[in-house]
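Participant: From first to last, the protein sequence lines are chains F and X. The opening position of the first sequence corresponds to residue 1 in this note's numbering, with each subsequent residue numbered one higher. The opening position of the second sequence corresponds to residue 1 in this note's numbering, with each subsequent residue numbered one higher. The beta carbon of each residue, even a glycine, is placed where N, CA and C say it ideally should be. My questions all concern the structure below.
There are 2 protein chains.
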Amino acid sequence: MVETVWTKKKDNEGVEVHLIDQRVLPSREVFVVCRTHQEMADAIRDMVVRGAPAIGISAAFGIALGAQELESIVDPKSFLSEMEKMERVIAATRPTAVNLFWALARMKKIWAEIADEAPRYRTDALFLEAQAIKEDDIERNRKIGSFGQTLLPESATVLTHCNAGALATGGYGTALGVIRGAVEAGKKIKVYADETRPYLQGARLTAYELSEDNIPVTLITDSMAAMVMAQGKINAVIVGADRIAANGDTANKIGTYGLAVLAKEHGIPFYVAAPFSTIDPATPTGRSIPIEERSSREVTHSGEVQIAPDGISVYNPAFDVTPARYITAIITEKGVFSPEDLSHHLGQESLPNT
Amino acid sequence: MVETVWTKKKDNEGVEVHLIDQRVLPSREVFVVCRTHQEMADAIRDMVVRGAPAIGISAAFGIALGAQELESIVDPKSFLSEMEKMERVIAATRPTAVNLFWALARMKKIWAEIADEAPRYRTDALFLEAQAIKEDDIERNRKIGSFGQTLLPESATVLTHCNAGALATGGYGTALGVIRGAVEAGKKIKVYADETRPYLQGARLTAYELSEDNIPVTLITDSMAAMVMAQGKINAVIVGADRIAANGDTANKIGTYGLAVLAKEHGIPFYVAAPFSTIDPATPTGRSIPIEERSSREVTHSGEVQIAPDGISVYNPAFDVTPARYITAIITEKGVFSPEDLSHHLGQESLPNT
Chain F
1 MVETVWTKKK DNEGVEVHLI DQRVLPSREV FVVCRTHQEM ADAIRDMVVR
51 GAPAIGISAA FGIALGAQEL ESIVDPKSFL SEMEKMERVI AATRPTAVNL
101 FWALARMKKI WAEIADEAPR YRTDALFLEA QAIKEDDIER NRKIGSFGQT
151 LLPESATVLT HCNAGALATG GYGTALGVIR GAVEAGKKIK VYADETRPYL
201 QGARLTAYEL SEDNIPVTLI TDSMAAMVMA QGKINAVIVG ADRIAANGDT
251 ANKIGTYGLA VLAKEHGIPF YVAAPFSTID PATPTGRSIP IEERSSREVT
301 HSGEVQIAPD GISVYNPAFD VTPARYITAI ITEKGVFSPE DLSHHLGQES
351 LPNT
Chain X
1 MVETVWTKKK DNEGVEVHLI DQRVLPSREV FVVCRTHQEM ADAIRDMVVR
51 GAPAIGISAA FGIALGAQEL ESIVDPKSFL SEMEKMERVI AATRPTAVNL
101 FWALARMKKI WAEIADEAPR YRTDALFLEA QAIKEDDIER NRKIGSFGQT
151 LLPESATVLT HCNAGALATG GYGTALGVIR GAVEAGKKIK VYADETRPYL
201 QGARLTAYEL SEDNIPVTLI TDSMAAMVMA QGKINAVIVG ADRIAANGDT
251 ANKIGTYGLA VLAKEHGIPF YVAAPFSTID PATPTGRSIP IEERSSREVT
301 HSGEVQIAPD GISVYNPAFD VTPARYITAI ITEKGVFSPE DLSHHLGQES
351 LPNT
């Protein structure tokens, strides 16, 4: 399976973090090497890496790179204040995916505890924590896959949107993790992948990942989803999430909300697959989720080719919010919840991100 | 306003038919010249010209070009049999738009009547009929605009899909004709234009046409329509049609059906604007409408740029069918009908295409 983010130890120059450049897949396999927190912030903002869990993991590695930049600083106070500056740089990259802030908080807990330690120790501890976040994520995704696959019949065609796969996570994927889980359980699974304009994560990443795994996939434009549903071709819609509010409202890639409405109209179950860290108890409803707007160029150009008139006005929100009432169930590493059960669950338990 | 199809008389070589090449607009203004029925058939199939009414008009000019090719044939029987061959070539280009078959039937009525006439007379009569089809179309579109604009409030934001504008017709447009009619009536109209993958008629043609007319237009991807509806930004959805069945079910550009479902869910009126020739009494319901599937390359490539993995399976229907129950009203040159009224109307009157 394709890897999203990993480290490489260089003898004299410390640790580098490598990313596969998701902007040019699948036509080219290009790798981006980050040696500083700023390089990682740029990579996240410019979407070298994307997908809520992968953004969180990359942010954690960005913090570890930051600590490595500070090895000449011994004073704990200076270290802490520099780390907080770096945290702000990374936090400012993308506003919607809550996993980014969750990962930064988890890293902060470590750097606050070890500020008194030797510089090299601080760096090692933070790289270890980032690596743990990545490995935990893969483990969580396998659990999501294992819980989620029970929702699918022995033979099923699943529609998915954007890429909630290995490339969007530490590995294995969330929505695609459920598909992989079903395939591993011996089920016959076919996938329809929305191409997911404007960034084409479905065409470029989901179609690529599933083809590599020999899982049958048919590519459609986003506008074809309604028709394939009406034709009775789809047994379930499964998507990932960038942030789930306490009431179950879910922010995910633009186009998700429309799919959820269409699924309801056609009587098709609509599932959100995401690690528990995507649920933000501090966000009461979808109305509080900040929605990132991106450059008009993503819509007016395809690569270098202009596809719209000069100077045209463009609206380009990167995400939309699906109200909880359209969501059949949320599949997490702790089990499968209806949106209502989720809010009860949040009331009773302390969560990793509270 | 931009022109779609027109004739040019050459002193020694007869009449040419010129088309603006809609495949490369708006980045380039290229003109395609057709001198034979085959060249026109190729232009229709390859989407140099598209849009149901414009396809009908172009087909009519293709027939006139065919008659011009037959000026060495005096014998009426040979003329008739050659014309029928040419008719089959043009009829085979695109299966969904009924205006194509309607225009061919209208031309056939003329060529059958005048088969005994002198060759030059036959050619002139058929060019005159094609020109009349074009001029009638513009006149009808102005009536559609005038009836349709009464449905819009003084200040309205309209969502449209694909291009049902001047470029899709003889001129003025159907869905965009309603928008133009409202602007001419002094109403404040803003437009959201879906880009309309895979062929991008919204981004390339609708955004271009409306900008040229200084009508405010914002371009969105198809997947953003649900969000702008949920934000309360849209007062009406207006689209064109490629074929309307007797019960009001409507085939139009892929993505239309999903928009209609979304409009219903958000309580937004959903209008179809089309000349009466788009209504096919011979098609009882949407299930009888043949849906053209086009090349996978339209989805896997953007221009020359590959945007999906090699060899990926693609489903690329060019149209979908919106059941009548999602359609608030059908706007024609004879007035505004609910889909149910339309079927009553069809029962009582003889129609132009029966």
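Hey, Gly186 (chain F) and Gly145 (chain F) are a contact pair by Cβ (cut 8 angstroms); roughly how many whole angstroms apart?
Facilitator: The sequence position of residue 186 (chain F) within the first sequence is 186, counting from 1. The sequence position of residue 145 (chain F) within the first sequence is 145, counting from 1. Incorrect: roughly 13 angstroms between the Cβ atoms, too far for contact.
Participant: Have a look at Gly258 (chain F) and Gln306 (chain X) and give me their C-alpha separation to the nearest angstrom.
Facilitator: The residue you call residue 258 (chain F) lines up with position 258 of the first sequence. The residue you call residue 306 (chain X) lines up with position 306 of the second sequence. Approximately 27 angstroms, taken between the alpha carbons.
Participant: Buried or exposed: where does Gly232 (chain F) fall if 16 or more other Cβ atoms within 10 Å of its Cβ makes it buried?
Facilitator: Translated into the one-based positions of the first sequence, residue 232 (chain F) becomes position 232. The residue is exposed, with fewer than 16 neighbouring Cβ atoms inside 10 Å.
Participant: What would DSSP say about His266 (chain F), mapped onto helix, strand or coil?
Facilitator: Walking along the first sequence from the start, residue 266 (chain F) turns up at place 266. DSSP places His266 (chain F) in coil when its eight states are reduced to three.
Participant: Under the three-state reduction of DSSP, which class applies to Asn247 (chain X): helix, strand or coil?
Facilitator: Mapped onto the second sequence, residue 247 (chain X) falls at position 247. Three-state DSSP puts Asn247 (chain X) in coil, outside helix and strand.
Participant: Quick one: what does DSSP say Lys108 (chain F) is sitting in, helix, strand or coil?
Facilitator: As a first step, residue 108 (chain F) is located in the first sequence; it is residue number 108 there, counting from the start. The answer is helix: DSSP assigns Lys108 (chain F) an H, G or I state.
Participant: Does chain X have any CB closer than 8 angstroms to the CB of Leu167 (chain F)?
Facilitator: As a first step, residue 167 (chain F) is located in the first sequence; it is residue number 167 there, counting from the start. Chain X contact via Cβ: absent.
Participant: Using alpha carbons as the reference points, say which of F:Ala52, F:Asn12, F:Thr157 lies closest to Gln68 (chain F).
Facilitator: Indexing the first sequence from 1 puts residue 68 (chain F) at position 68. Ranking the options by Cα distance to Gln68 (chain F), first place goes to F:Asn12.
Participant: So, is the C-beta of Ile307 (chain X) closer than 8 angstroms to a C-beta in chain F?
Facilitator: On the second sequence, position 307 is the one that residue 307 (chain X) refers to. So, interface residue.
Participant: Answer with yes or no whether the minimum CB distance from Leu200 (chain F) to chain B is below 8 angstroms.
Facilitator: In the structure shown, chain B cannot be found, because the protein chains are F and X.
Participant: CA-CA distance, Thr160 (chain X) and Thr322 (chain X)?
Facilitator: Translated into the one-based positions of the second sequence, residue 160 (chain X) becomes position 160. Translated into the one-based positions of the second sequence, residue 322 (chain X) becomes position 322. Roughly 15 angstroms separates the two Cα atoms.
Participant: Measuring only between beta-carbons, confirm whether Phe337 (chain X) sits less than 8 angstroms from chain F.
Facilitator: One-based indexing of the second sequence puts residue 337 (chain X) at position 337. Taking Cβ atoms only, chain F never reaches closer than 8 angstroms to Phe337 (chain X), which makes this a no.
Participant: When you compare the CB of Ser208 (chain F) with every CB in chain X, is at least one pair closer than 8 angstroms?
Facilitator: Along the first sequence, read from residue 1 onward, the residue named residue 208 (chain F) stands at position 208. Note on residue identity: the sequence assigns Tyr, not Ser, to residue 208 (chain F). Yes - at least one Cβ of chain X is within 8 angstroms of the one on Tyr208 (chain F).
Participant: For the alpha helix (DSSP H) that Asp136 (chain F) lies in, which residues bound it at each end?
Facilitator: Numbered from 1 along the first sequence, position 136 holds the residue referred to as residue 136 (chain F). Counting along the chain, the alpha helix (DSSP H) containing Asp136 (chain F) begins and ends at 119-149.
Participant: Using 8 angstroms for Cβ pairs, my map puts Val98 (chain X) next to Phe61 (chain X). What's the rounded Cβ distance?
Facilitator: Here residue 98 (chain X) is taken as the residue at index 98 of the second sequence, counted from 1. Here residue 61 (chain X) is taken as the residue at index 61 of the second sequence, counted from 1. Rounded, the Cβ-Cβ distance is 18 angstroms, inconsistent with contact.
Participant: With C-beta atoms as the reference, is Leu25 (chain X) less than 8 angstroms away from Leu205 (chain X)?
Facilitator: Mapped onto the second sequence, residue 25 (chain X) falls at position 25. Mapped onto the second sequence, residue 205 (chain X) falls at position 205. Yes, the Cβ-Cβ distance between Leu25 (chain X) and Leu205 (chain X) is below 8 angstroms.
Participant: Given this structure, state the Cα-to-Cα distance separating Glu292 (chain X) from Ala241 (chain F), to the nearest angstrom.
Facilitator: The sequence position of residue 292 (chain X) within the second sequence is 292, counting from 1. The sequence position of residue 241 (chain F) within the first sequence is 241, counting from 1. Their Cα atoms are separated by approximately 35 angstroms.
Participant: For chain X, find out if any of its Cβ atoms is closer than 8 angstroms to the Cβ of Ile238 (chain F); answer yes or no.
Facilitator: Within the first sequence, numbered from 1, the residue matching residue 238 (chain F) stands at position 238. Ile238 (chain F) does not count as touching chain X.
Participant: At what residues does the beta strand (DSSP E) containing Leu205 (chain F) begin and finish?
Facilitator: Here residue 205 (chain F) is taken as the residue at index 205 of the first sequence, counted from 1. Taken as a continuous stretch (DSSP letters only), Leu205 (chain F) belongs to no beta strand (DSSP E), as it is neither H nor E.
Participant: Beta-carbon of Ala230 (chain X) versus every beta-carbon of chain F: anything under 8 angstroms?
Facilitator: Within the second sequence, the letter at position 230 stands for residue 230 (chain X). At least one chain F Cβ lies under 8 angstroms of Ala230 (chain X).
Participant: Only counting runs of 3 or more residues, tell me where the beta strand (DSSP E) segments fall wholly within the region 178-204 of chain X, in order along the chain.
Facilitator: Qualifying beta strand (DSSP E) stretches, in chain order: 188-194.
Participant: So who's on the other strand from Ile331 (chain F), going by DSSP bridges?
Facilitator: Counting from 1 along the first sequence, the entry for residue 331 (chain F) is found at position 331. Answer by DSSP bridge pairing, in chain order: F:Ala273, F:Val336.
Participant: Just the chain X side, please: which residues come within less than 8 angstroms of Ser146 (chain F) by C-beta, in chain order?
Facilitator: The residue given as residue 146 (chain F) occupies position 146 in the first sequence. Neighbours of Ser146 (chain F) on chain X: none; closest Cβ ~28 angstroms, over 8 angstroms.
Participant: Counting contacts by CB-CB distance shorter than 8 angstroms, is Glu333 (chain F) in contact with chain X?
Facilitator: By 1-based counting over the first sequence, the position of residue 333 (chain F) is 333. No - not a single Cβ of chain X is within 8 angstroms of the one on Glu333 (chain F).
Participant: Mind pulling the chain F residues with CB within less than 7 angstroms of Ala225 (chain X)?
Facilitator: Residue numbering aside, residue 225 (chain X) sits at position 225 when the second sequence is read from its first letter. Those are Gly258, listed as they occur along chain F.
Participant: Can you give the Cα-Cα distance for Lys134 (chain F) and Ile57 (chain F), rounded to whole angstroms?
Facilitator: On the first sequence, residue 134 (chain F) is found 134 positions in, with the first residue counted as 1. On the first sequence, residue 57 (chain F) is found 57 positions in, with the first residue counted as 1. Each residue's alpha carbon lies about 6 angstroms from the other.
Participant: Determine the contact status of His266 (chain X) and Ala230 (chain X), defining contact as a CB-CB distance below 8 angstroms.
Facilitator: Numbered from 1 along the second sequence, position 266 holds the residue referred to as residue 266 (chain X). Numbered from 1 along the second sequence, position 230 holds the residue referred to as residue 230 (chain X). In contact: His266 (chain X) and Ala230 (chain X) (Cβ atoms closer than 8 angstroms).
Participant: Could you give the distance in angstroms between the alpha-carbon of Glu87 (chain F) and the alpha-carbon of Val15 (chain F)?
Facilitator: Looking up residue 87 (chain F) in the first sequence gives position 87. Looking up residue 15 (chain F) in the first sequence gives position 15. Rounded to the nearest angstrom, the two C-alpha atoms are 19 angstroms apart.
Participant: Where does Ser295 (chain X) sit, in a helix, a strand or coil, going by DSSP?
Facilitator: Looking up residue 295 (chain X) in the second sequence gives position 295. Here Ser295 (chain X) sits in coil by DSSP.
Participant: Tell me, to the nearest whole angstrom, how far the beta carbon of Ala246 (chain X) is from that of Leu100 (chain X); I am working on the premise that it is less than 8 angstroms.
Facilitator: Along the second sequence, one-based indexing puts residue 246 (chain X) at 246. Along the second sequence, one-based indexing puts residue 100 (chain X) at 100. At roughly 18 angstroms, the Cβ-Cβ gap does not stay under 8 angstroms, so Ala246 (chain X) and Leu100 (chain X) are not in contact.
Participant: Of all Cβ atoms in chain F, is any one closer than 8 angstroms to the Cβ of Arg180 (chain X)?
Facilitator: The sequence position of residue 180 (chain X) within the second sequence is 180, counting from 1. Output row for Arg180 (chain X): interface = no.
Participant: Using 8 angstroms as the Cβ pair cut-off and three pairs as the minimum, do the region 246-256 of chain F and the region 278-290 of chain F touch?
Facilitator: Segments in contact, yes.
Participant: Quick one: is Glu3 (chain X) near chain F, going by C-beta distance under 8 angstroms?
Facilitator: Position 3 of the second sequence, counting from 1, holds the residue named residue 3 (chain X). Not closer than 8 angstroms to any Cβ of chain F, the Cβ of Glu3 (chain X) fails to qualify, so no.
Participant: Check the Cβ of Ser394 (chain X) against every Cβ in chain F and list those closer than 9 angstroms, keeping chain order.
Facilitator: Past the boundaries of the shown model lies residue 394 (chain X); chain X is included only from 1 to 354, so the question cannot be answered.
Participant: Note the first and the last residue of the continuous alpha helix (DSSP H) segment covering Lys233 (chain F).
Facilitator: The residue labelled residue 233 (chain F) in the question sits at position 233 within the first sequence. Looking at the DSSP string, Lys233 (chain F) is not in any alpha helix (DSSP H), and its letter there is neither H nor E.
Participant: With a Cβ-Cβ cutoff of 8 angstroms, do Arg23 (chain F) and Met47 (chain F) count as a contact?
Facilitator: Position 23 of the first sequence, counted from the start, is the residue given in the question as residue 23 (chain F). Position 47 of the first sequence, counted from the start, is the residue given in the question as residue 47 (chain F). Yes, these two residues count as a Cβ contact at 8 angstroms.
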